[in-house]
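In what follows, a single structure is set out as structure tokens and then discussed.
Residue numbers (our numbering): 2 to 208.
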């Protein structure tokens with residue numbers, strides 16, 4: 002039984018690693034510790050490597066950030082090995098699509114969301130309603146996720162529609178919100194949410 006549980010844990014860990022858009026591996030090459038980055042996604046990723054602890058390694062002392070093109074592997078950093086060594090590191094990454102990638106993505110999402118506009122505002126407190134900013138990657142990610150998972154929703158565009166923009170801020174101000182927020186602003190059965198720190202987890206909770 003213990004062996005089965007260990008094998009299951011290893012399989013699960015491997016599967017999760019395979020699903021990550023960015024993969025980091027450390028390997029020894031010619032007396033150097035080299036960090037190799039693979040971008041498994043279709044979007045350029047800005048990847049940051051930070052050594053939080055190190056001994057016996059010479060090289061960078063600050064975080065290293067590089068842009069890694071889609072579906073490519075590159076050397077992120079290398080450190081000279083100076084005797085016995087150990088280290089700990091952390092990594093982070095974010096999408097940095099180029100202008101062409103952004104435009105294609107916007108056009109694809111716009112085509113897929115055709116017919117999702119909420120035209121009857123009396124139904125604004127029913128179901129899921131997204132106040133959509135056309136130039137917001139988080140909004141694009143949200144609508145794409147809901148479409149991919151067949152979650153019903155409606156859109157109110159705030160980029161070109163001043164009434165929708167005012168309506169969104171009227172709702173926010175009624176909640177005591179002022180200043181800067183992160184879109185999308187989302188209504189779920191009349192409950193307002195915005196500036197989601199963990200947007201993927203929030204979207205997952207909608208289905």
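Positions of the beta carbon are idealized from the N, C-alpha and C atoms, including for glycine.
Beta strand (DSSP E) runs contained entirely in the region 50 to 133, provided each spans 3 or more residues: 65 to 69, 73 to 96 and 129 to 133
Collapsed DSSP secondary structure at residue 30 in the structure displayed: Residue 30 falls in the coil class under three-state DSSP.
Minimum C-alpha distance to residue 30 - residue among 24, 64, 81 and 67: 81
Under the three-state DSSP convention, the category residue 198 falls into: coil
Distance between beta carbons of residue 193 and residue 172, contact taken as under 8 Å: 6 Å
Cut-off 8 Å between Cβ atoms - residues of its own chain near residue 9, not counting five sequence neighbours on either side: Confidence in residue 9 is poor, its pLDDT being 37 and thus under 50, which makes the residue's placement too unreliable to answer from.
Residue 57 beta carbon less than 8 Å from that of residue 27: no
Close Cβ partners of residue 148 (< 6 Å) along its chain, the five nearest in sequence each way excluded: Hits under 6 Å: 113.
Among 151, 42, 137 and 33, the one whose alpha carbon lies nearest that of residue 158: 137
Per-residue burial, residue 182 [other beta carbons within 10 Å of its own, 16 or more giving buried]: exposed
Nearest-angstrom Cα separation, counted from residue 190 out to residue 127: Their backbone Cα atoms lie some 5 Å apart in a straight line.
Test item: CB-CB of residue 115 and residue 141 under 8 Å: One thing to note: residue 115 has its Cβ no nearer than 8 Å to the Cβ of residue 141.
CB of residue 96 within 8 Å of CB of residue 66, strictly: no
Residues bridged to residue 23 [DSSP beta-bridge criterion]: 40
Test item: CB-CB of residue 156 and residue 109 under 8 Å: no
Beta-carbon spacing of residue 77, residue 44 below 8 Å: It is not a contact, given that the beta carbons lie outside the stated cut-off.
Coarse secondary structure for residue 174, derived from DSSP in three states: helix
For residue 162, three-class secondary structure by DSSP: In the three-state scheme derived from DSSP, where H, G and I count as helix and E and B as strand, residue 162 is classed as coil.
First through last residue of the beta strand (DSSP E) which encompasses residue 188: 186 to 189
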